[in-house]
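Chemist: Residue numbers (my numbering): 0 to 204.
1) Could you check whether residue 78 and residue 166 sit closer than 8 Å to each other, using their CB atoms as the reference points?
2) Are at least three pairs of beta-carbons, each pair with one atom in the region 55-62 and one in the region 112-119, less than 8 Å apart?
3) Residue ranges of each alpha helix (DSSP H) run of no fewer than 4 residues wholly in the region 90-145, ordered along the chain?
4) For residue 0, count neighbouring C-beta atoms within 10 Å of its own C-beta (all shown protein chains included) and say buried if the count is 16 or more, exposed if not.
5) Ends of the alpha helix (DSSP H) at residue 46?
6) For residue 74, which option in 24, 27, 132 and 92 has the closest C-alpha, if you only look at C-alpha atoms?
7) Whole-angstrom Cβ separation of residue 158 and residue 140, contact assumed at under 8 Å?
8) If we call anything under 8 Å between Cβ atoms a contact, is residue 129 one with residue 82?
9) Locate the alpha helix (DSSP H) running through residue 154, then write down its first and last residues.
10) Assuming residue 52 contacts residue 145 under a Cβ cut-off of 8 Å, what Cβ separation, rounded to an integer in Å, is found between them?
11) Pick out whichever of 48, 163 and 67 has its Cα sitting closest to the Cα of residue 112.
12) Grouping DSSP H, G and I as helix and E and B as strand, with all else coil, what is residue 28?
13) What's the call for residue 180, buried or exposed, on a 16-neighbour Cβ count within 10 Å?
14) Could you tell me the boundaries of the alpha helix (DSSP H) in which residue 11 lies?
15) Output needed for residue 66: all residues of its chain with C-beta closer than 7 Å, excluding positions within five of it in sequence on either side, in chain order.
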């Protein structure tokens, strides 16, 4: 026989005793949840643009909630989105200044900058033992990428190559490659120096 559901939780929720923290918190969440859902439904019903905005806000809120304990990844994602928006805006401003709005060259530059932003994001997490925090690495790469897009406003042919060099330089410097190379060189040089010193001592005797 199946047991019937107990009405005790419903009674606790309806009574709202001050000592019952569970029922008080649950009722508050239900009220605010219904109010928030109705507000979002009302805003989304205004038009297509409002619907897209509400969907974007919901996706953003869900992403922030899922990544609330991973601050570096959240920082990297926010930095990537902001840099993508800024590079696209700077490319559009450059087109308007040159009198060639919607040019093919600037469109390719925007896609190139976005690809470099994704390269910085992926490259920061591909390194096993990074120097410093990964989110800071992405922020540094994005700042230099925005600077390269500023150069691309005046010279579109040099914006993407300069951005690639900046991103590759930041990833290399923050990946510990230089440090590991120096350590390996020191380990190779030290035995050679000791061997030369021993030979010199033996020859002097």
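Glycine residues also receive a C-beta, built at the ideal position from the N, C-alpha and C atoms.
Because the structure is a prediction, the values reported are computed rather than measured.
Modeler: From the atom records:
1) no
2) no
3) 103-125
4) Caution applies to residue 0, whose pLDDT of 45 falls short of 50 and renders its modelled position unreliable; the value that the coordinates give is listed next. It is exposed - the Cβ of residue 0 has fewer than 16 other Cβ atoms within 10 Å.
5) Per DSSP, residue 46 belongs to no alpha helix (DSSP H) and is neither H nor E.
6) 132
7) That belief does not hold up - the Cβ atoms of residue 158 and residue 140 are roughly 15 Å apart, past 8 Å.
8) no
9) Residue 154 -> no alpha helix (DSSP H), and no H or E assigned at all.
10) With a Cβ gap of about 25 Å, residue 52 and residue 145 do not count as contacting.
11) 163
12) helix
13) With a pLDDT of 48 at residue 180, under the threshold of 50, the modelled position of that residue is not reliable, and the figure given next carries that caveat. Residue 180 is exposed by the Cβ-count criterion.
14) 7-14
15) 72 and 73
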